[in-house]
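Asker:
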Amino acid sequence: MKAVVFEGQGSQRVGMGKELFNMYPEIVQQASNIIGFDLVDLCLRNPDKKLKNTEYTQPAIFVVNHLQYLKESEEGLIADFALGHSLGEYNALVLGKVLDFETALHLVKLRGKLMGKAENGGMAAVIGIESHQIHSAIVRASMENEVFIANYNSKFQTVISGIGESIRSLEEEIKKIGVKLFVPLNVSGAFHTPFMEHAKIEFSSELENIHVSNPEVQVISNVTARPYESDSLKELIVSQIVSPVKWRHSIEYLLEKGVSDFREIGPSGALTKMIVNIKQDYKPLTENQAQKIVNIKKPEVKRFTLGNPAFQKEYNTVSTYVAGSMYKGISSKELVIKMAKAGHLSFLGTGGMTISEIENNIKTIQDTIGIHDRPYGMNLMCNLMKPQFEIETIQLYLRKGITIIEASAFFKVTKSLVLFRLKGIHLDARQKIVVPNRIIAKISRPEVAEAFLSAPPQKIVDELFSEGLLSLNEKLLSDRLIMVTDICVEADSGGHTDQANPFTVITSIGALRQRLSQNPLISEVRIGSAGGIGTPQAMAAAYMLGADFVLTGSINQATVEAGTSDMVKEMLANIDVYDTAYAPAGDMFEIGAKVQVLKRGVFFHVRANKLYELYKNHSSLEEIDPDVLSMIEKKYFKRSIEEIWKETTTYFAKSNPSEIEKANRVPKHKMGLIFRWYFVHTGRLALSGDSSQKVDFQVHCGPAMGAFNQWVKGSKLEDWRNRKVDEVANILINETHLYLEERFDTMLSPKQFL
């Protein structure tokens with residue numbers, strides 16, 4: 002069998018195509034019209050040395066490759082397989098009739114333009130050592146999110162790509178392990194790496210409107226080293242921009258398939274030399290082994306996306322990775338801005354903020370990134386004591402144009418959520434309902450999920466209408482939607498937790514969605530995963546359980562942008578997976594709700610549980626043993642009960658006077674308010690970093706933090722000062738991709754069938 006292979010960028014030379022241009026003048030003229038410059042003049046005379054410029058080089062090589070293939074096909078060349086190196090893959094797609102020549106040239110022109118815009122990047126060819134040795138050098142230099150392998154050309158020839166300065170710095174580290182050659186390439190972009198994500202997004206937008214056809218000849222993808230399949234054509238074309246070129250793997254795959262003849266198309270002959278080297282290192286299977294592979298249908302390893310692409314489209318993101326909210330602005334405006342600029346969704350931690358504080362944060366965010374230009378949202382935390390505060394918060398969101406909220410700690414649908422969901426709904430010209438406001442509800446119980454997968458409760462809708470908060474049209478349309486856009490299933494997480502097991506709760510709520518899926522609105526709801534996600538392995542497990550997106554929390558608290566004290570960040574960056582405990586939730590103290598908190602180096606969890614036990618077993622402060630009460634005043638509160646009560650009454654006199662009235666009537670309620678003070682106080686201590694009261698710090702955190710610390714130990718991310726929230730997101734996404742690909746390669750390797 003025969004494979005036709007097409008060269009890519011780097012093969013260009015002055016004079017290429019000279020013998021071809023006169024043979025196909027109409028195609029040459031058509032190409033010049035599309036690309037906007039004289040192709041013949043560029044290739045033969047190279048004015049202003051433009052042939053070195055990516056924007057000009059890529060269309061030129063593509064056209065010359067195409068002309069050479071036309072000539073050889075007219076002379077009898079027939080391909081069983083087609084593949085190309087990077088840019089050359091577009092020629093292979095034309096050969097396979099996935100794209101026509103004109104469409105492919107338009108795409109190549111855009112690709113060259115986008116890649117030509119890239120700055121501050123660099124690439125280098127590394128010859129003489131294997132790719133795993135290069136990866137080890139990258140890890141030792143703590144550059145895992147700065148330098149990536151871009152081309153697996155052959156066993157001993159690899160191209161790396163990334164930040165230009167980092168490429169130069171890495172040279173010394175790589176030379177320590179016996180490299181023969183380290184050759185910096187004359188490019189300014191970090192091609193075939195995640196740094197090309199923005200180019201990928203723009204390219205993807207263009208590709209959406211282009212027709213692609215099923216391959217008539219098998220085309221091998223650079224991304225997967227396997228044939229393109231009909232259900233992933235556009236996905237693979239787009240992914241190539243940010244993915245490594247698996248050239249060696251592609252050739253080995255074809256050798257396994259029995260290809261013996263490789264015909265190179267292009268001006269340099271470089272691919273043939275690579276293929277010779279790959280063949281020398283390739284160990285063919287025995288006839289018996291090969292027969293076993295033939296007899297067993299081996300699933301193809303396909304390039305995959307993490308999560309549901311519909312999530313990215315809904316929220317205008319580059320990933321299905323979300324940074325969840327953390328109260329009191331720990332998920333700060335700086336964190337939200339950083340994530341939004343990187344194209345990831347995140348939520349401002351508004352729990353515990355005043356209305357004016359929330360408004361000021363929103364203003365800063367919107368002044369920096371715009372109102373609807375980038376992905377971001379606000380948190381809304383259930384407030385049992387002050388439900389009116391929920392309404393006031395939602396009214397602020399509506400005034401400020403906030404269209405995405407994360408609903409946390411709700412165990413039922415409330416008035417505020419219904420108001421947000423229904424406000425602004427209307428019918429478009431086709432009588433289709435338009436719902437501008439989206440809710441991602443963090444839920445850990447199936448019965449709560451079922452309530453949120455239902456239409457807004459009619460009683461609440463009627464109340465909002467009677468109060469003038471909903472229009473008649475909004476009321477009448479309320480039964481045509483459900484309460485949530487998406488559900489995030491929260492397993493055992495930092496902060497509020499039901500201590501749920503992800504393996505049971507995700508599958509349970511997924512089954513609930515399936516059971517109710519006769520309602521098309523419910524079938525469109527995406528289910529995400531939160532809790533315990535701090536490593537690529539944990540993220541991979543969540544996606545494999547069926548998560549459409551993942552949401553991280555604890556790990557973002559020890560980043561530069563997190564709105565907590567440096568002391569807390571230092572403490573968190575040094576914990577392990579067993580350094581957390583459970584304590585009562587201060588905002589739901591009386592009902593026994595739990596939060597997961599840091600226990601290493603602090604006494605908060607012990608003291609908080611003691612206060613809850615006292616509250617449970619006594620009806621008033623007067624019933625508590627005086628010695629115990631005195632100990633609490635001295636060791637826990639470090640002030641008298643009277644002082645705390647005075648502070649509490651001053652606060653509630655302004656915000657909710659009825660609480661004072663109830664406390665004067667019900668001694669147990671008064672005890673609860675005084676004990677609640679400790680939870681507010683300890684949270685403030687942690688945020689301020691008061692070292693004199695470190696043992697009382699209340700820091701919400703789950704074991705994901707410890708797992709992340711272990712994973713990055715020995716790298717530059719071991720120090721929290723090097724942890725930028727967007728870089729943490731990107732490295733987790735990239736490493737999860739690599740981890741899953743490695744696992745799939747292992748599971749689906751031919752050796753598994755021997």
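Mapping of the sequence shown onto the numbering used here: residues 2 to 755, in sequence order.
Where is the CB? At the ideal position from N, CA and C, for every residue including glycine.
All values reported here derive from a predicted model rather than from experimental measurement.
Check whether the region 116-126 and the region 208-221 touch, using three or more Cβ-Cβ pairs below 8 Å as the test.
Answerer: No: fewer than three Cβ pairs fall under 8 Å.
Asker: Can you tell me where the beta strand (DSSP E) with R264 in it begins and where it stops?
Answerer: Here residue 264 corresponds to residue number 263 of the sequence shown, with the count starting at 1. From DSSP, the beta strand (DSSP E) with R264 extends over D262 to I266.
Asker: Indicate whether F504 and V449 have their beta-carbon atoms separated by less than 8 Å.
Answerer: Position 503 of the sequence shown, counted from the start, is the residue given in the question as residue 504. Position 448 of the sequence shown, counted from the start, is the residue given in the question as residue 449. The answer is no: Cβ separation not under 8 Å.
Asker: Name the residue from K401, G352 and K669 whose alpha carbon lies nearest to the alpha carbon of C383.
Answerer: The residue labelled residue 383 in the question sits at position 382 within the sequence shown. It is G352.
Asker: By Cβ distance, which residues of its chain are closer than 6 Å to K752, with the 5 residues on each side in sequence left out?
Answerer: Position 751 of the sequence shown, counted from the first residue, corresponds to residue 752. In this predicted model, K752 has a pLDDT of only 45, less than 50, meaning its place in the structure is not dependable enough to derive any value.
Asker: Using the Cα positions of S269 and I130, report the straight-line distance between them to the nearest angstrom.
Answerer: Stepping through the sequence shown from its first residue, residue 269 is reached at position 268. Stepping through the sequence shown from its first residue, residue 130 is reached at position 129. Rounded to whole angstroms, S269 to I130 spans 24 Å at the Cα level.
Asker: State the DSSP-derived secondary structure class of T287, mapped to helix, strand or coil.
Answerer: Position 286 of the sequence shown, counting from 1, holds the residue named residue 287. Low confidence applies here, because T287 scores a pLDDT of 46, under 50, leaving its location unreliable and the question unanswered by this model.
Asker: How long is the line joining the alpha carbons of V526 and L552, rounded to whole angstroms?
Answerer: Taking the sequence shown and counting its residues from 1, the one referred to as residue 526 is at position 525. Taking the sequence shown and counting its residues from 1, the one referred to as residue 552 is at position 551. Near 16 Å, if we compare the C-alpha coordinates of L552 and V526.
Asker: With three or more C-beta pairs closer than 8 Å as the rule, is the region 733-746 touching the region 569-579?
Answerer: Flag = no, the region 569-579 and the region 733-746 do not touch.
Asker: Strictly by DSSP, which residues pair up with Y583?
Answerer: One-based indexing of the sequence shown puts residue 583 at position 582. Looking at the DSSP assignment, Y583 forms a beta bridge with Q597.
Asker: Between S1 and H193, which are expected to be in contact by the criterion C-beta below 8 Å, what is the C-beta distance as a whole number of angstroms?
Answerer: A query on residue 1 cannot be resolved here, the shown segment of the chain reaching from 2 to 755 and no further.
Asker: Using only alpha-carbon positions, find the residue among L84, G707, Q59 and S143 that is nearest to K110.
Answerer: Working through the sequence shown from its first residue, we reach residue 110 at position 109. Checked all of L84, G707, Q59 and S143; the closest Cα to K110 is Q59.
Asker: Would you grab the beta carbon distance between A501 and S530 for me? Rounded to a whole angstrom, and I think it's under 8 Å.
Answerer: Taking the first residue of the sequence shown as position 1, residue 501 is located at position 500. Taking the first residue of the sequence shown as position 1, residue 530 is located at position 529. About 11 Å; that fails the 8 Å criterion.
Asker: For the beta strand (DSSP E) containing Y322, name the first residue and the last one.
Answerer: Here residue 322 refers to the residue found at position 321 when the sequence shown is read from its first residue. Residues Y322 to A324.
Asker: Buried or exposed for M327, going by 16 or more other Cβ atoms inside 10 Å?
Answerer: The residue labelled residue 327 in the question sits at position 326 within the sequence shown. With 16 or more Cβ atoms within 10 Å of its Cβ, M327 is classed as buried.
Asker: Could you give the DSSP three-state label for N317: helix, strand or coil?
Answerer: As a first step, residue 317 must be located in the sequence shown, where it is residue number 316. Of the three classes helix, strand and coil, the one that applies to N317 here is coil, per DSSP.
Asker: Under 8 Å by Cβ, that's how I've got K401 and I440 pegged, so tell me the actual separation to the nearest angstrom.
Answerer: Within the sequence shown, residue 401 is the residue found at index 400, counting from 1. Within the sequence shown, residue 440 is the residue found at index 439, counting from 1. K401 to I440, Cβ: 16 Å. No contact.
Asker: Do A408 and K443 have their beta-carbon atoms positioned less than 8 Å apart in this structure?
Answerer: Position 442 of the sequence shown, counting from 1, holds the residue named residue 443. Position 407 of the sequence shown, counting from 1, holds the residue named residue 408. Yes, these two residues count as a Cβ contact at 8 Å.
Asker: So what does K443 bridge to, in DSSP terms?
Answerer: In the sequence shown, counting from the first residue as 1, residue 443 sits at position 442. Its beta-bridge partners are C489.
Asker: Does the region 306-315 touch the region 330-342, meaning 3 or more C-beta pairs lie closer than 8 Å?
Answerer: Not touching, per the Cβ criterion.
Asker: If you compare alpha carbons, which of F680, S214 and N575 is closest to N710?
Answerer: Here residue 710 refers to the residue found at position 709 when the sequence shown is read from its first residue. Among F680, S214 and N575, the Cα nearest to that of N710 is on N575.
Asker: When DSSP labels each residue in this structure, what does F698 get in the three-state scheme?
Answerer: Taking the sequence shown and counting its residues from 1, the one referred to as residue 698 is at position 697. Coil, per DSSP.
Asker: Looking at the strands, I want to know which residues DSSP matches up with F183.
Answerer: On the sequence shown, residue 183 is found 182 positions in, with the first residue counted as 1. Answer is V127, bridged to F183.
Asker: Evaluate D282 with the Cβ neighbour count: other Cβ atoms within 10 Å of its Cβ, from every protein chain shown; 16 or more gives buried, anything less gives exposed.
Answerer: Within the sequence shown, numbered from 1, the residue matching residue 282 stands at position 281. Exposed is the call here.
Asker: Residue range of the beta strand (DSSP E) that G165 falls in?
Answerer: Here residue 165 refers to the residue found at position 164 when the sequence shown is read from its first residue. Looking at the DSSP string, G165 is not in any beta strand (DSSP E); the run it does join, the alpha helix (DSSP H), is G165 to K176.
Asker: Buried or exposed for T747, going by 16 or more other Cβ atoms inside 10 Å?
Answerer: Taking the first residue of the sequence shown as position 1, residue 747 is located at position 746. When all chains shown are included, T747 counts as exposed.
Asker: Return the first residue and the last residue of the alpha helix (DSSP H) that R516 is part of.
Answerer: Position 515 of the sequence shown holds residue 516. P503 to R516 is the span of the alpha helix (DSSP H), which, as asked, contains R516.
Asker: Taking the beta strand (DSSP E) that G529 belongs to, which residues open and close that run?
Answerer: What you label residue 529 is simply residue 528 of the sequence shown in a count that begins at 1. Looking at the DSSP string, the run of the beta strand (DSSP E) that includes G529 is R527 to A531.
Asker: Among residues of its own chain, excluding the 5 on either side of A708, which ones have a beta-carbon nearer than 6 Å to its beta-carbon?
Answerer: Translated into the one-based positions of the sequence shown, residue 708 becomes position 707. G535, T536 and V578, listed in sequence order.
Asker: Just confirm the distance between the C-beta atoms of M17 and V65, as a whole number of angstroms; I'd bet it's less than 8 Å.
Answerer: Along the sequence shown, read from residue 1 onward, the residue named residue 17 stands at position 16. Along the sequence shown, read from residue 1 onward, the residue named residue 65 stands at position 64. About 5 Å separates the two Cβ atoms, so the contact holds.
Asker: Report the three-state DSSP secondary structure of P388 (helix, strand or coil).
Answerer: Within the sequence shown, numbered from 1, the residue matching residue 388 stands at position 387. Three-state result, P388: helix.
Asker: Tell me where the beta strand (DSSP E) around E648 begins and ends.
Answerer: Reading the sequence shown from its first residue, position 647 is the one you call residue 648. Taken as a continuous stretch (DSSP letters only), E648 belongs to no beta strand (DSSP E), being part of the alpha helix (DSSP H) at I642 to S656.
Asker: Classify Q10: buried if its beta carbon has 16 or more other beta carbons within 10 angstroms, exposed otherwise.
Answerer: Along the sequence shown, read from residue 1 onward, the residue named residue 10 stands at position 9. Q10 is buried by the Cβ-count criterion.
Asker: For the ligand ADP, is there a heavy atom less than 7 Å away from the beta-carbon of V569?
Answerer: Ligands are entirely absent from the displayed structure, and the ligand ADP is therefore not among its contents.
Asker: Could you give the residue range of the alpha helix (DSSP H) that holds Y153?
Answerer: Along the sequence shown, one-based indexing puts residue 153 at 152. From DSSP, Y153 is part of no alpha helix (DSSP H) but of the beta strand (DSSP E) over V148 to S155.
Asker: Taking its Cβ as the centre, do 16 or more other Cβ atoms sit within 10 Å of S656, making it buried, or is it exposed?
Answerer: Start at 1 with the first residue of the sequence shown, and residue 656 comes out as number 655. S656 is exposed by the Cβ-count criterion.
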